[in-house]
Amino acid sequence: MSWGTELWDQFDNLEKHTQWGIDILEKYIKFVKERTEIELSYAKQLRNLAKKYQPKKNSKEEEEYRYTACKAFLSTLNEMNDYAGQHEVISENMTSNITVELARYVQELKQERKSYFHDGRKAQQHIEICWKQLESSKRRFERDCKEADRAQQYFEKMDADINVTKADVEKARQQAQMRHQMAEDSKADYSSTLQKFNHEQHEYYHTHIPNIFQKIQEMEERRIVRIGESMKTYAEVDRQVIPIIGKCLDEIVKAAESIDQKNDSQLVIEAYKSGFEPPGDIEFEDYTQPMKRTVSDNSLSNSRGEGKPELKFGGKSKGKLWPFIKKNKLMSLLTSPHQPPPPPPASASPSAVPNGPQSPKQQKEPLSHRFNEFMTSKPKIHCFRSLKRGLSLKLGATPEDFSNLPPEQRRKKLQQKVDELNKEIQKEMDQRDAITKMKDVYLKNPQMGDPASLDHKLTEVSQNIEKLRLEAQKFEAWLAEVEGRLPARSEQARRQSGMFDAQNPATVNSCAQDRESPDGSYTEEQSQEGEGKVLATDFDDEFDEEEPLPAIGTCKALYTFEGQNEGTISVVEGETLYVIEEDKGDGWTRIRRNEDEEGYVPTSYVEVYLDKNAKGAKTYI
0 MSWGTELWDQ FDNLEKHTQW GIDILEKYIK FVKERTEIEL SYAKQLRNLA
50 KKYQPKKNSK EEEEYRYTAC KAFLSTLNEM NDYAGQHEVI SENMTSNITV
100 ELARYVQELK QERKSYFHDG RKAQQHIEIC WKQLESSKRR FERDCKEADR
150 AQQYFEKMDA DINVTKADVE KARQQAQMRH QMAEDSKADY SSTLQKFNHE
200 QHEYYHTHIP NIFQKIQEME ERRIVRIGES MKTYAEVDRQ VIPIIGKCLD
250 EIVKAAESID QKNDSQLVIE AYKSGFEPPG DIEFEDYTQP MKRTVSDNSL
300 SNSRGEGKPE LKFGGKSKGK LWPFIKKNKL MSLLTSPHQP PPPPPASASP
350 SAVPNGPQSP KQQKEPLSHR FNEFMTSKPK IHCFRSLKRG LSLKLGATPE
400 DFSNLPPEQR RKKLQQKVDE LNKEIQKEMD QRDAITKMKD VYLKNPQMGD
450 PASLDHKLTE VSQNIEKLRL EAQKFEAWLA EVEGRLPARS EQARRQSGMF
500 DAQNPATVNS CAQDRESPDG SYTEEQSQEG EGKVLATDFD DEFDEEEPLP
550 AIGTCKALYT FEGQNEGTIS VVEGETLYVI EEDKGDGWTR IRRNEDEEGY
600 VPTSYVEVYL DKNAKGAKTY I
């Protein structure tokens, strides 16, 4: 069916219909454009969401992503980025393949439609002009016929009237003939105009208008086909990304299936394992017997197994547990006798001693009282030397050898440090090799550069390598020390589950007075005034290389004191020494003779002269 034959008289309606078709196309373009904006906004929100939950660099969150569940979550976040990227692809393809193309097509369609309807209006105007010419010729012919008829009637009237002269009759006859000739001419013109109009009208309705309407129909059908193709493209754009989105979802499922709860549990063990064994049972202590309370073989302090060799004090010896584990608090409170410093010699009067001795309290405390003290008191420390390290930890400084960590964690940190240093060494060696090659090139081709200009850089790199190697050797030594202890730890822990040999309870004594560490860390030392037995520990004193405490005053020894316990120092009456830590209420003052000799003496044995303005003076609350 053709619009030219069926709709020959619907010019105005066709004009409205084609304009409606263009409006529909523009409406679809707007719809697709808004869809692309939604896709872009959705992709942006997905990316922001994935970025929001990404682990921050150099943070604790980054360490948490060692676990398989966290790795799966991280993989999900990465796949969400790819998922968002596919929505961006949808937006880009819809914009380029639909929005831009249809917008260009609409402009072309508008120009084509305008041209067709311009030709239609031109044809309409031409046929209207022909019609007006026909009407004008018809009216003229009609007028001339009437005028000729009136002239003929006048002539006949004059010819019948006897009173009219012959000249008047002749004149009327000539006028009638002239009017009759004009009517004939008008008739001929009208006939010619009518034929012309009929021809133009036939051409208009059977040729011009059908051709124009046919072109408009074809234009409209192309518009319909184009919008259908755009809708197919709209679906194909979505369909093209479905496989990639499916892969993203498959990767998320794969990541979820890779979660290994056993592996995560093992990582928790590796992250928090201290390397210590749990303490043994506490043995019942019978207070009904009129005997001095002895220490149980199965208490929480270090002990000697039966049949094992005993170590005698040949000087200062100690048994030290891991110094910064809070569970040693229980051991220290249950085993320490809270020994006060010895009183001054009896020959001296109390008035002669500026800082009089405290009365020693040797009364035994019930086990329940010790446990209550453990639950309510602040952490205390038994190793005097650990005070320095405790203070450094209090101030936020971490020991270089990670000695503040349990053995297993310390080993991991040291291994990590060694690996980092080895990577840095390799990097510096690669840089040195590159500089060496460049120097060889300069030597072979002097015009490219001066070889001597690289000597300084080469020397600097070599020095850096040497420093890094020394640093790596230091950490490797600490690592070897820790790894050498770890295999025997289980046996050592079994030995720690007992107490000292109960056969010589009178000779067993704990180390000097409990001291409170500023950082709340713990060490446990066991020593005695006279002969005694102690278990040798696996840990050496790691704090001797720390910076010495500044002097806060001086003191004069009032009596001779033989320092036999760990952490004490011998002084001679009248000797002058430096005070580096004043009495905290436990009866002991820390002094220094020189850089290598320092320790504790009873406060009642010395006369202290504090410099309140001394740099580094410590105040204890």
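Here the sequence shown is numbered in numbering that gives the first Met the number 0, starting from 0 and rising by one per residue.
No residue lacks a Cβ here, since even glycine has one placed at the ideal position from N, Cα and C.
What's the call for residue i, buried or exposed, on a 16-neighbour Cβ count within 10 Å?
i: L52; result: Here residue 52 turns out to be Tyr, not Leu, going by the sequence shown. Classification of Y52: exposed, given that the 10 Å Cβ count is below 16.
i: K19; result: According to the sequence displayed, residue 19 carries Trp and not Lys. Exposed, since its Cβ has fewer than 16 Cβ neighbours within 10 Å.
i: M157; result: buried
i: D184; result: exposed
i: Y521; result: Residue placement at Y521 cannot be trusted, given a pLDDT of 37 that sits under 50; what the coordinates show is reported in the next sentence. When all chains shown are included, Y521 counts as buried.
i: K416; result: buried
i: D543; result: Confidence in D543 is poor, its pLDDT being 43 and thus under 50, which makes the residue's placement unreliable; the coordinate value appears in the next sentence. Classification for D543: exposed.
i: Q85; result: buried
i: V99; result: exposed
i: K360; result: The predicted position of K360 is uncertain, since its pLDDT is 37 and thus under 50; a value taken from the coordinates is nonetheless stated next. K360 comes out exposed.
i: W130; result: exposed
i: S257; result: exposed
i: N444; result: exposed
i: I128; result: exposed
i: S603; result: buried
i: M93; result: buried
i: Y558; result: buried
i: S1; result: exposed
i: S402; result: buried
i: V252; result: exposed
i: E228; result: exposed
Would you call the CB atoms of residue i and residue j closer than 8 angstroms?
i: D432; j: Y441; result: no
i: Y678; j: I215; result: This structure gives no information on residue 678, because the portion of the chain shown stretches from 0 to 620.
i: E250; j: E78; result: yes
i: D285; j: Y66; result: no
i: E574; j: A556; result: yes
i: L576; j: R589; result: no
i: A102; j: I223; result: no
i: V600; j: I579; result: no
i: I464; j: M437; result: no
i: I97; j: T232; result: yes
i: I226; j: L24; result: yes
i: T17; j: R142; result: no
i: Q408; j: S273; result: yes
i: E581; j: V607; result: yes
i: S136; j: Y189; result: yes
i: A147; j: A182; result: yes
i: E199; j: H117; result: no
i: G3; j: N210; result: yes
i: T192; j: L108; result: no
i: L478; j: Q425; result: no
i: A71; j: A270; result: no
So who's on the other strand from residue i, going by DSSP bridges?
i: A556; result: V605
i: T567; result: Y599
i: Y204; result: Bridge partners of Y204: none, in fact.
i: L576; result: C554
i: T164; result: T164 is not bridged to any residue.
i: W587; result: P601
If I'm right that residue i touches residue j with Cβ under 8 angstroms, what's the distance once you round it to whole angstroms?
i: L73; j: Y64; result: 6 angstroms
i: V460; j: P406; result: Wrong, their Cβ atoms sit about 36 angstroms apart, outside the cutoff.
i: Q151; j: A175; result: 5 angstroms
i: G586; j: G566; result: Going by Cβ atoms, the distance from G586 to G566 rounds to 13 angstroms, so no, they are not a contact pair.
i: G412; j: L404; result: Reading off the sequence shown, one finds Lys at residue 412, where the question assumed Gly. Their Cβ separation, rounded to whole angstroms, is 6 angstroms, which keeps K412 and L404 in contact under 8 angstroms.
i: F140; j: K170; result: About 25 angstroms separates the two Cβ atoms, so there is no contact after all.
i: I625; j: L457; result: Outside the modelled stretch of the chain, which goes from 0 to 620, sits residue 625, for which no answer is possible.
i: L467; j: G552; result: At roughly 43 angstroms, the Cβ-Cβ gap does not stay under 8 angstroms, so L467 and G552 are not in contact.
i: E87; j: A42; result: 5 angstroms
i: F10; j: G119; result: 6 angstroms
Can residue i be considered in contact with the ligand HEM, in the sense that its beta carbon sits closer than 7 angstroms to one or more heavy atoms?
i: K272; result: As far as ligands go, the structure on display features none, and thus does not contain the ligand HEM.
Contiguous alpha helix (DSSP H) assignments of at least 4 residues, all confined to the stretch 56-91: 59-63
What are the uninterrupted segments assigned as beta strand (DSSP E) that are 3 or more residues long and contained completely in the stretch 398-462, given in chain order? none
Quick check on the DSSP output: what are the complete beta strand (DSSP E) runs of length 3 or more inside the stretch 201-260, in order along the chain? The stretch 201-260 contains no whole beta strand (DSSP E) run of 3 or more residues.
Beta strand (DSSP E) runs contained entirely in the stretch 118-206, provided each spans 3 or more residues: none
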